[in-house]
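Novice: The structure under discussion is supplied below as structure tokens; questions concerning it will follow.
In the numbering used here, the protein residues as written are 4 to 197.
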């Protein structure tokens, strides 16, 4: 089974799901492909995909899985910047050439006097730069909370979360291995929401 997702989702959300699925279905080979390119389910580039935007083709069965919260992070040994200021601090942001990122817009507004130091399309790179003391980062909490050396800052206003969508080609909806995988995803997502 071929699964596509963003790098951070593949690194921080999918491993426990795939591990549980593989224990029950050891004969199914699982391949996780990550990146920023949106794989085509219609052309069968992947069997199932997870992304932050809805699918836009009628032959894809999709569902909104969860709204993931984002948080503001600094290095564990770093200082917290003043909210609505940020003077003297640097921002680790996202490359916006692939679309709009409300969390990055929020970060720029929350710390207007901080200057960007790095833009990356990879949340793992952002987290590691933040851990090195490179600046303030806004990350999905499922990423930032798992990275040793980071701490989340509680603020009067939190960054906007993002919806995660799961989709697969409608011709695969009766495929038993896919149905079993979706059931495993559903169990894990329900635990994330609890």
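Cβ coordinates follow ideal geometry from the N, Cα and C atoms, glycine included.
#1: Is there contact between the region 141-153 and the region 168-181, where contact requires at least three CB pairs shorter than 8 Å?
#2: How about the region 37-46 and the region 155-169: do they share at least three Cβ pairs that are nearer than 8 Å?
#3: Do the region 181-196 and the region 66-73 make contact, defined as three or more Cβ pairs closer than 8 Å?
#4: Using only CA atoms, which one of 146, 30, 162, 52 lies nearest to residue 39?
#5: Does the count of Cβ pairs from the region 90-107 and the region 128-139 closer than 8 Å reach three?
#6: Return yes when at least one heavy atom of the ligand PLP lies under 7 Å from the C-beta of residue 98, else no.
#7: Does residue 83 come out as helix, strand or coil in the three-state DSSP assignment?
#8: Using 8 Å as the threshold, is the C-beta distance between residue 141 and residue 106 below it?
#9: For the alpha helix (DSSP H) containing residue 163, list its first residue and its last residue.
#10: When you compare only the Cα positions, how much space is there between residue 14 and residue 7?
#11: From 184, 58, 191, pick the residue whose C-alpha is nearest to that of residue 25; which is it?
#12: Closest to residue 88 by CA distance: which of 110, 100, 81 is it?
#13: Could you give the first and the last residue of the continuous beta strand (DSSP E) run that contains residue 184?
#14: So, helix, strand or coil for residue 89, using DSSP?
#15: For residue 99, count neighbouring Cβ atoms within 10 angstroms of its own Cβ and tell me buried if that reaches 16, exposed if not.
#16: Of the choices 104, 108, 117, 102, whose alpha-carbon is the least far from that of residue 85?
#17: With respect to the beta strand (DSSP E) encompassing residue 46, which residues constitute its N-terminal and C-terminal limits?
#18: Taking the C-alpha atoms as reference points, what is the distance between residue 16 and residue 164?
#19: I think residue 147 touches residue 91, with their Cβ atoms under 8 Å apart; what is that distance to the nearest whole Å?
Specialist: With the given structure in hand:
#1: no
#2: no
#3: With a cut-off of 8 Å, the region 66-73 and the region 181-196 count as touching, because enough Cβ pairs lie within range.
#4: 52
#5: yes
#6: This structure lacks the ligand PLP, and indeed carries no ligand of any kind.
#7: coil
#8: yes
#9: Per DSSP, residue 163 belongs to no alpha helix (DSSP H) and is neither H nor E.
#10: 12 Å
#11: 184
#12: 110
#13: First-last for residue 184: 179-196, but that is the alpha helix (DSSP H), not the beta strand (DSSP E).
#14: Residue 89 falls in the coil class under three-state DSSP.
#15: exposed
#16: 117
#17: It is not in any beta strand (DSSP E) - residue 46 carries neither H nor E in the DSSP assignment.
#18: Roughly 16 Å separates the two Cα atoms.
#19: Contact doesn't hold; Cβ gap of about 22 Å is too wide.
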